[in-house]
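Novice: Below: one structure in C-alpha cells.
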Amino acid sequence: MSVTEFLTLAGWQNAQISPMTGDASARQYSRLQRKQETAILMQAPQDGSTSTFARVARYLRQSSLAAPQIFAAQPDQGLLLTEDFGAYRFADIADQEPDRATSLYALATDVLIHLSRIPAMDGLQPYDGKTMAAQAELIFEWALPAKPLPDLTLTKSLKTALRQAARPFDRMPRVTMLRDYHAENLMLRDAAGIQAAGLLDFQDAMAAHPAYDLVSLLQDARRDVDPAIEQEMTFRYMAETDCDSTDFYAAYALYGTGRALRILGIFARLAARDGKTRYLDFVPRVRANLERNLSHPHLSEVSRCLTPWLEATA
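The UniProt record's numbering applies: residue 1 is where the sequence shown begins, and numbers increase by one.
What follows is the structure, encoded as C-alpha cells:
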C-alpha cells in the first residue's frame with residue numbers, strides 16, 4: 001500500500017504534508033495539516049516496530065499516561081497516523097527557559113514513578129544482563145573515527161562482568177521501560193498532572209529495572225543535565241518508590257554503563273555506515289557519563305575490563 005492510498009483510506013488525502021526532522025533510526029515522520037487539524041504520519045521499516053508502537057501506546061493510554069492516539073494503522077506496511085502532540089519538546093523549553101528545567105524533569109520523573117506503581121505491560125521482552133551484554137558488543141564492531149576498537153579478547157570478559165553485575169537486579173520486579181526516555185522525546189501538553197507529559201518513541205519498549213529509564217532521562221546523550229537536577233530527581237524517585245538507595249544507585253550506575261556502551265556503538269555505526277557524523281558531537285558527553293558510572297564500586301570488574309580501551313581512546 002502506498003502512502004497516498006493509506007492517507008486516502010484514513011481520510012487525510014488532501015492534507016498538507018511537511019517532513020519533520022528524523023531521529024537516529026530509519027523511521028520518517030511528517031506533520032499533516034487539514035484546516036485546523038494536524039496529525040503525524042510515521043513511516044517505518046516493516047520490522048514490526050509500528051505494531052509495537054500501537055500496542056504500547058494503547059497500554060500507556062489505558063494506564064492514564066499521554067501516548068498518541070492511533071488514527072489509522074497499516075503495521076505490515078510500516079505506516080501509522082497518530083495524534084500530534086505539537087512542537088513543545090521538553091528539551092527545547094529547558095534550553096530556552098532554563099528556569100523551567102527543574103519542573104520539566106520533575107514531571108518526567110513523576111511519569112516514571114507512575115509506571116513503577118502499575119504492572120508492566122504483558123508480552124514485553126525482558127531487558128536483563130544477557131541483553132545488556134549483547135547490546136554492548138557494538139563497541140567491538142564499530143570504531144569511533146581515529147580511535148581503535150577494543151581488543152576482541154575483552155569481549156567475553158566484559159560480557160561476563162556485565163551479566164554478573166546485573167544478576168542481583170535480574171531477580172527484581174520489572175517495569176515497562178520506554179528505553180529512549182529523554183527530553184527530546186517528551187512533549188509538553190496543555191493538561192494536568194502527568195498527562196502534561198506527551199510520550200513518544202517507545203516502540204522499543206522492554207520490561208526492565210526501573211533505574212533504566214531514569215538514567216536515560218538524567219544522563220541524556222544529547223544535552224547536558226544539571227548535576228543538581230540529576231541528584232534531585234534521583235532523590236525524588238527513590239523517596240516516592242521507597243526503594244533501597246544502595247541497590248538503586250548500583251543499578252543506576254550499571255544501566256547507565258550499559259546504555260552508554262550501546263549508544264557509543266550506535267553513534268560510531270551511524271557515522272561510519274550512514275554518514276550521520278553529527279552524532280559524534282555527543283560522544284564526549286556519553287563517555288563522561290560512562291566513566292562516572294564505572295566509578296561505582298559495584299562495577300569494579302566492568303571498569304577493569306574497559307580501562308585499557310578507555311585509556312587507548314582518551
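Ideal Cβ placement from N, Cα and C applies to all residues, glycine included.
Exposed or buried, what is ARG95 when buried is set at 16 or more other beta-carbons lying within 10 Å of its beta-carbon?
Specialist: Checking the sequence, you will find Asp at residue 95 rather than Arg. Answer is exposed; the Cβ neighbour count stays below 16.
Novice: Would you kindly work out how many angstroms separate the C-alpha atoms of THR277 and LEU270, rounded to a whole number?
Specialist: If you take the alpha carbons of THR277 and LEU270, they lie about 7 Å apart.
Novice: Kindly confirm or deny that the region 127-140 and the region 257-269 touch, where touching means at least three C-beta pairs closer than 8 Å.
Specialist: Touching, per the Cβ criterion.
Novice: How about the region 161-172 and the region 115-129: do they share at least three Cβ pairs that are nearer than 8 Å?
Specialist: Output reads yes: the region 115-129 touches the region 161-172.
Novice: Return helix, strand or coil for THR21, following the three-state DSSP convention.
Specialist: In this structure, THR21 counts as coil in the three-state DSSP scheme.
Novice: If I measure Cβ to Cβ from PRO150 and keep anything under 7 Å in the same chain, skipping five residues before and after, which residues do I get?
Specialist: Result list for PRO150: ILE139, PHE140 and TRP309, in chain order.
Novice: Taking the continuous beta strand (DSSP E) assigned at GLU37, which residues delimit it?
Specialist: Element bounds for GLU37: 37-43.
Novice: Which residue marks the beginning of the beta strand (DSSP E) containing PHE169, and which one marks its end?
Specialist: Premise fails: PHE169 lies in the alpha helix (DSSP H), 154-170, not in any beta strand (DSSP E).
Novice: Using the C-alpha atoms, what's the distance from GLN28 back to GLN231?
Specialist: GLN231 and GLN28: Cα-Cα distance of roughly 35 Å.
Novice: Could you tell me the alpha carbon to alpha carbon distance between PHE6 and LEU79, rounded to whole angstroms?
Specialist: If I take the Cα positions, the gap works out to 8 Å.
Novice: Quick check for students: name the residue ranges of the alpha helix (DSSP H) that lie wholly in the region 70-123, counting only runs of 4 or more.
Specialist: Taking only runs of at least 4 residues, the alpha helix (DSSP H) segments lying wholly in the region 70-123 are 90-96 and 101-116.
Novice: Please list the terminal residues of the continuous alpha helix (DSSP H) segment that includes LEU9.
Specialist: Here the alpha helix (DSSP H) through LEU9 covers 3-10.
Novice: Look up THR313 in the DSSP assignment and say whether it is helix, strand or coil.
Specialist: If DSSP states are grouped into helix, strand and coil, THR313 belongs with coil.
Novice: Given a threshold of 16 other Cβ atoms within 10 Å of its Cβ, counted over all protein chains shown, does ARG100 qualify as buried or as exposed?
Specialist: With fewer than 16 Cβ atoms within 10 Å of its Cβ, ARG100 is classed as exposed.
Novice: In angstroms with no decimal places, state the Cα-to-Cα distance between ALA106 and MET233.
Specialist: Near 6 Å, if we compare the C-alpha coordinates of MET233 and ALA106.
Novice: Excluding the 5 residues flanking VAL225 on each side, which residues of the same chain have their C-beta closer than 6 Å to its C-beta?
Specialist: Hits under 6 Å: LEU218.
Novice: At what residue ranges does the region 195-263 contain a whole run of the alpha helix (DSSP H), taking only runs of 4 or more?
Specialist: Entirely contained in the region 195-263, the alpha helix (DSSP H) runs reaching 4 residues are, in chain order, 211-218 and 227-241.
Novice: Assess contact between the region 110-127 and the region 200-214, defined as three or more Cβ pairs (one per stretch) separated by less than 8 Å. Is contact present?
Specialist: Taking 8 Å as the limit for Cβ pairs, the verdict is that the region 200-214 does touch the region 110-127.
Novice: How would you label ILE194, buried or exposed, when you count the other beta carbons within 10 angstroms and need 16 or more for buried?
Specialist: Buried, since its Cβ has 16 or more Cβ neighbours within 10 Å.
Novice: Could you check whether LEU144 and LEU294 sit closer than 9 Å to each other, using their CB atoms as the reference points?
Specialist: Result no, Cβ atoms of LEU294 and LEU144 do not sit closer than 9 Å.
Novice: Apart from the five residues just before and just after GLN46, which ones in its own chain have a Cβ nearer than 7 Å to its Cβ?
Specialist: Hits under 7 Å: ASP76, GLN77 and GLY78.
Novice: Quick one: what does DSSP say ALA146 is sitting in, helix, strand or coil?
Specialist: Correct three-state label for ALA146: coil.
Novice: Measure from the alpha carbon of ASP213 to the alpha carbon of each residue in ALA196, THR153 and TYR237, then state which is nearest.
Specialist: Of ALA196, THR153 and TYR237, the residue nearest in Cα terms is TYR237.
Novice: Taking LEU200 as the reference, give the member of ASP92, MET172, ALA221 and ALA67 with the closest Cα.
Specialist: The shortest Cα separation from LEU200 among ASP92, MET172, ALA221 and ALA67 belongs to ALA67.
Novice: If you compare alpha carbons, which of TYR59, LEU188, LEU104 and MET42 is closest to GLY86?
Specialist: Taking only the C-alpha atoms, the option nearest GLY86 is LEU188.
Novice: What whole-angstrom Cβ distance do THR257 and LEU299 have, given they're in contact under 8 Å?
Specialist: Correct: roughly 6 Å between the Cβ atoms.
Novice: May I ask which residues mark the beginning and end of the beta strand (DSSP E) holding ARG34?
Specialist: Run containing ARG34: 28-34, per the beta strand (DSSP E) assignment.
Novice: With DSSP as the reference, please indicate the residues paired to LEU186 in a beta bridge.
Specialist: DSSP, once it has assigned bridges, lists LEU199 as partnering LEU186.
Novice: Spell out the partners DSSP gives VAL175 in its beta bridges.
Specialist: VAL175 is bridged to ALA208.
Novice: Can you tell me where the alpha helix (DSSP H) holding GLU141 begins and where it ends?
Specialist: Segment 138-141, the alpha helix (DSSP H) holding GLU141.
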